[in-house]
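First up is the structure itself, then whatever we jot down about it.
Chains as they are written, first to last, in our numbering: chain A, 131 to 425; chain B, 131 to 425; chain C, 131 to 425; chain D, 131 to 425.
Shown next as structure tokens:
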């Protein structure tokens, strides 16, 4: 049986680790808040006292952390987890981070005989719970094959998209599209409301045509119901859009719609809504349109 | 058996009329180009020499025309089709036109005892051929019920969204979302290309997560294959976005992303690409990014 | 002495008519509110009981009205002022209206032997008071020469820019630039405030370099002082930006920055700020940035 | 007589150093290309073989370098110029760099008893030649007073805007406004051309009203004449807009118009126009509008 060390048991990592337990893996997890470790233990896993302890003796180490600096702090540097891994271990970083950090991580792993994948996910908390995540994987093909059973236990659409960093690049593109689509749907909903159209019925028919999207299927009802409990927080999406815009700038790619979405997501955060679900873009379109939310 | 008069047998109207024949309706069709009428005859319908002839004696008259002025010219005014309809006839305009014209049409119909629906569609040529269109219907509930069997024969998701004009309002929202999503997907595709990612694989995994959309499912492959044969022409989408932006302005709704998409679709047209499929927004993102298409 | 009929004695028209009196013209004015007519009488002009009365016997008729429909209502149609003008009269419309309406007016005038100029102005209330307006004139060169002394009495930079409608086209371009520049200055001011810079000093140095503009010179101090008493109202600028975006769309010209400014001006109006000076774009940037105005 | 060490004798630094010589300062200059040093010698200055040599014994050291890394490389680090400066020397960095780098430089100077100013300029090559630059100065008031005679010799509008870094923040705001104004003017010029208006006359009248700006005064004629010889290169403006957007993001300030301008400037560069004057934004508006330049 494959032993897995799982570092980062938050909104996403928690249910993913539980699904790995369900799939029969031996999972040892670590998180800074002990109650999240306890939840894994309740689900049949083991708890560890530190990230290094969780990784100790694991065949596969999975990390699911908030941002690039977290990944660097836990894995790299003196006393970082990577230092303690035996050659032949596989390290799967499922966090959403900068592609260049993912490439650095892969290089550092290679120097120690550790195969590294960048394997960020899309699908949200529900996808994590249901083990239906989309996983976009960058790294060596042989490492991908080795990690495949682990990925299969948490995701449904799992695609090897290229060399180290490619997974994060695709995730960046994912976040660009999601932010922009949320904004478009928010604009459409306010537009429909202003014209007195029954929005639930409108969403139903929009979802069936070329305007249909996962955002419309999974987010529009909560937006109409003014339920902005995350889900995926504005703060995190703002962070990700910083990655997208920097990477587009670096590559000389014009993303006018993506840049606008990044500006609007940043404004939502600046207005104090960083802890809401990103569907709260609706609030901002309402505000710009002088329409107070009908409670 | 219900007799249907069908006016406008183009890319969309042609296959829709054929599906009505298949469903057992007696369909008499008219189009300005005789070869399109002949196609309906070949499919088992009848041809008419004029719009008025097609409508003569019909229980339900369906119109599928390019733009507001066409609908006004054919249906309203002296010698317009509406003038010749018997009270009790149902008129279903499935064109995409201005909501205010749809409301005028409904009022003109009401004055003559003719029930009028605005019932624009989404789903494109393929949806018309497969009878899987989404249909957004505005008008009286009783008229909707009367027309329901006809709509069932050409569509799959058929929703009564409100009073006269509401169908066109929802279609306007549909076109806003579609244009914006195409632009976002175009930006993502150029972004991925610039970073050396395998785009077919990327599209596969993007389609499985929260970035997933009908645009990604039905359009991305053609965009990657540089197949811009319409489909839905830039010229028509530009026309529709004129309706959206005017209706948003009128209602005081801020649609920054929709407005940007309208600007970019207009630019694509101004650059001479009006006859291409709207997926050609890709060409413009490439051009702005200084990337020549790799053939 | 040239007799002038002046129709529209509002914020702009009032001081302009008074300046014509000062310059020695015999001015007969009309406005719907009698107190504005009285002000002209106090300044040495004559009052008229109707637009037609004001125009009666005038050598030059000047109109300064809010919008295209006002100009059409007063000048065209049965009993419109144009109908009553003697051949050889010159009609100078200084309102900001649609270029196509200006062209119609010129054609209608030509049919009656009346020379028509479209001569919209820039420079605001202060420019009207100081007789330092910029005037952009469309129409026949001979008509321009005939009206020149009248224009000289109210403006400083007076340029014949082309045939009928050209004045309005240039005014549309003017309004595009002004709205966009106000937005840029608003963004810069909030940016500087967020970084703790002394904004009065910053404006002083910005005004001296390539960022310098009439907006910075004439508007920034009021914006910093939170004085949004018009000046030029958001409602009117919103109306003008509707003209700009329609004319750009019609001509196939991409104006992404202009369109964005139009969206943001429309949002300001939708938020209930239509009666404020257009410098109130500052309020919206502050709101988007989650910064409450420091009173 | 004050001895000045001047590092960076390019398009801007060259004429600035020459103006200091004219004003009676003893100027020792360094540049990597010897012919630029020779030009200073021809103008009455002295040449140095290295940056450190230029700074040796100077009362005031001025740097005018392309970007943040250049400033860091020359001034900071082992063997950097700052290391060799005697306490009491004043260091005036007139480059356009990141505000945080300016603050680091000030702190490093303070630790050595060297007063540091960030004093970026606006006004372009012509302003450098004519000694009419706008200079936005951050740093201690006493240092500003000490450096004042030097600044007076190269600029006209010289304002102390705040503590270290404030000069660069104001310069960032300057670059935001300039880029956006250039884009607005480009859109207006293409708009006017599409409507057949005489653009030189239009510029004349626009410049006299609220649309007037230094951009219109100094750039529009070259743009109309299709003269895109820099002046200020797209590459450099693109670099500066990276500073602006990062600083706005960091401070949570929404700059939608600034972001759009940054996207469009980046696109211009990606299309291979990095070496043209930033007025070349006109080319891109023409391209988006499908209008080929009339040569």
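Ideal placement from N, C-alpha and C gives every residue a C-beta, glycine not left out.
Residue 147/D: buried (16+ other C-beta within 10 angstroms of its C-beta) or exposed? Within the fourth chain, numbered from 1, the residue matching residue 147/D stands at position 17. Result: buried.
With distances taken between CB atoms, is the gap from residue 222/C to residue 198/C smaller than 8 Å? Locating residue 222/C in the third chain gives position 92, counting from the first residue. Locating residue 198/C in the third chain gives position 68, counting from the first residue. No; because the gap between Cβ atoms is not below 8 Å, this pair is not in contact.
The beta strand (DSSP E) spanning residue 267/B covers which residue range? The sequence position of residue 267/B within the second chain is 137, counting from 1. From DSSP, the beta strand (DSSP E) with residue 267/B extends over 263-268.
Cβ shell of residue 174/D (< 6 Å), same chain only, five flanking positions each side left out: To locate residue 174/D, count along the fourth chain from 1; it is residue 44. Hits under 6 Å: 151.
I need the boundaries of the beta strand (DSSP E) containing residue 223/B, first residue and last residue. Within the second chain, residue 223/B is the residue found at index 93, counting from 1. It spans 220-223 - the beta strand (DSSP E) in which residue 223/B sits, taken as one unbroken run.
With 16 other CB atoms within 10 Å as the buried threshold, where does residue 245/D fall? If you number the fourth chain from 1, residue 245/D lands on position 115. Under this definition residue 245/D is a buried residue.
Measuring CB atoms only, is the stretch 367-387 of chain A touching the stretch 400-410 of chain B, in the sense that at least three cross pairs come out at less than 8 Å? no
N-terminal and C-terminal residue of the beta strand (DSSP E) that residue 156/C is part of: Looking up residue 156/C in the third chain gives position 26. Note, residue 156/C: beta strand (DSSP E), 156-160.
Can you list, in chain order, the residues of the stretch 270-294 of chain C whose Cβ is nearer than 7 Å to any Cβ on chain A? Going along the stretch 270-294 of chain C in chain order, one finds no residue with a Cβ nearer than 7 Å to chain A.
Drop a sphere of 10 angstroms on the beta-carbon of residue 425/D, count the other beta-carbons inside from all chains shown, and report buried for 16 or more, exposed for fewer. Position 295 of the fourth chain, counting from 1, holds the residue named residue 425/D. For residue 425/D, the predicted structure reports a pLDDT of 41, less than 50, and the residue's modelled location is therefore unreliable. A value from the coordinates is still provided. Exposed: under 16 other Cβ atoms inside 10 Å.
Residue 242/D and residue 263/D look like a contact to me (Cβ under 8 Å); what is the Cβ gap, rounded to whole Å? Here the question's residue 242/D lines up with position 112 in the fourth chain. Here the question's residue 263/D lines up with position 133 in the fourth chain. At roughly 28 Å, the Cβ-Cβ gap does not stay under 8 Å, so residue 242/D and residue 263/D are not in contact.
Can you give me the Cβ contacts of residue 303/D inside the same chain, cut-off strictly under 8 Å, excluding the 5 residues immediately before and after it? Start at 1 with the first residue of the fourth chain, and residue 303/D comes out as number 173. Exclusion of the five residues before and after residue 303/D leaves 374 as the residues of its chain whose Cβ lies within less than 8 Å of its Cβ.
I want to verify the contact list: residues of chain A whose CB lies under 7 Å from the CB of residue 419/C, in sequence order. Locating residue 419/C in the third chain gives position 289, where the first residue counts as 1. Correct list: 397 and 400.
Would you say residue 321/B lies against chain A (beta-carbon separation less than 8 Å)? Counting from 1 along the second chain, the entry for residue 321/B is found at position 191. Chain A contact via Cβ: present.
Are the C-beta atoms of residue 221/A and some chain D residue less than 8 Å apart? As a first step, residue 221/A must be located in the first chain, where it is residue number 91. Cβ-Cβ to chain D under 8 Å: no for residue 221/A.
Apart from the five residues on each side of it in sequence, which residues of its chain come closer than 7 Å, Cβ to Cβ, to residue 193/D? Within the fourth chain, numbered from 1, the residue matching residue 193/D stands at position 63. Once the five neighbours on either side are set aside, the close Cβ partners of residue 193/D are 137, 138, 201, 204, 205, 223, 224 and 225.
Does residue 310/D have its Cβ less than 8 Å from a Cβ in chain A? Locating residue 310/D in the fourth chain gives position 180, where the first residue counts as 1. So, not an interface residue.
Which class does residue 419/B belong to by DSSP, given the choice of helix, strand or coil? Stepping through the second chain from its first residue, residue 419/B is reached at position 289. Residue state, collapsed to three classes: coil.
Grab the span of the alpha helix (DSSP H) containing residue 169/C for me, first residue to last. To locate residue 169/C, count along the third chain from 1; it is residue 39. Segment 164-172, the alpha helix (DSSP H) holding residue 169/C.
Short CB-CB distance (under 8 Å) between residue 304/A and chain B: Taking the first residue of the first chain as 1, we reach residue 304/A at position 174. Output row for residue 304/A: interface = yes.
Contacts of residue 384/C in chain B (Cβ-Cβ under 7 Å): Counting from 1 along the third chain, the entry for residue 384/C is found at position 254. Residues of chain B passing the Cβ test: 393, 396, 397 and 400.
Taking 8 Å as the threshold (C-beta atoms), are residue 320/D and residue 228/D in contact? Taking the first residue of the fourth chain as 1, we reach residue 228/D at position 98. Taking the first residue of the fourth chain as 1, we reach residue 320/D at position 190. No.
For residue 425/A, name the three-state secondary structure that DSSP assigns. As a position in the first chain, residue 425/A is number 295, starting the count at 1. Confidence at residue 425/A is low in this model, with a pLDDT of 41, below 50, so the placement of that residue is unreliable and no value is reported for it.
How many whole angstroms separate the CB atoms of residue 312/B and residue 349/B, which I take to be in contact at a CB cut-off of 8 Å? Residue mapping note: residue 312/B aligns to position 182 of the second chain, counting from 1. Residue mapping note: residue 349/B aligns to position 219 of the second chain, counting from 1. With a Cβ gap of about 7 Å, residue 312/B and residue 349/B count as contacting.
Could you tell me which chain C residues have their CB closer than 7 Å to the CB of residue 379/B, listed as they occur along the chain? Start at 1 with the first residue of the second chain, and residue 379/B comes out as number 249. Simply 372 and 396.
Distance, Cα to Cα, residue 301/B vs residue 340/A? On the second chain, residue 301/B is found 171 positions in, with the first residue counted as 1. On the first chain, residue 340/A is found 210 positions in, with the first residue counted as 1. Going by C-alpha positions, residue 301/B is about 11 Å away from residue 340/A.
Identify the contact partners of residue 413/D in chain A, using a Cβ-Cβ distance below 9 Å as the criterion. One-based indexing of the fourth chain puts residue 413/D at position 283. For residue 413/D, no chain A residue has a C-beta closer than 9 Å to its own C-beta; the minimum C-beta separation is roughly 14 Å.
Span separating the alpha-carbon of residue 426/A from that of residue 327/B: In the structure as shown, chain A starts at 131 and stops at 425, and residue 426/A therefore has no counterpart that could be examined.
Going straight from the alpha carbon of residue 324/B to that of residue 316/B, what length do you get? Numbered from its first residue, the second chain carries residue 324/B at position 194. Numbered from its first residue, the second chain carries residue 316/B at position 186. Cα to Cα, the separation comes out at about 12 Å.
Determine the burial state of residue 380/B: buried for a count of at least 16 other Cβ atoms within 10 Å of its Cβ, exposed for fewer. One-based indexing of the second chain puts residue 380/B at position 250. Residue 380/B is exposed by the Cβ-count criterion.
Quick check on residue 409/D: buried or exposed, where buried means 16 or more other Cβ atoms within 10 Å of its Cβ? Within the fourth chain, residue 409/D is the residue found at index 279, counting from 1. Buried is the call here.
Is residue 389/A close to chain D, meaning its C-beta is less than 8 Å from at least one C-beta of that chain? Taking the first chain and counting its residues from 1, one reaches residue 389/A at position 259. Judged by the 8 Å Cβ criterion, residue 389/A is in contact with chain D.
Return yes when the Cβ of residue 266/D is within less than 8 Å of the Cβ of residue 280/D, no when it is not. Walking along the fourth chain from the start, residue 280/D turns up at place 150. Walking along the fourth chain from the start, residue 266/D turns up at place 136. No, Cβ-Cβ distance for residue 280/D and residue 266/D is not below 8 Å.
When you compare each of 285/C, 275/C and 364/C to residue 261/C by their alpha carbons, which one comes out closest? Within the third chain, residue 261/C is the residue found at index 131, counting from 1. It is 285/C.
Using 10 angstroms around the beta-carbon of residue 135/D, count the other beta-carbons present and answer buried if the total reaches 16, otherwise exposed. Here the question's residue 135/D lines up with position 5 in the fourth chain. Buried, by the Cβ-count rule.
Enumerate in chain order the residues of its own chain whose CB-to-CB distance from residue 155/A is below 6 Å, with the five nearest sequence positions on each side excluded. As a working mapping, residue 155/A is identified with position 25 in the first chain. Hits under 6 Å: 132 and 134.
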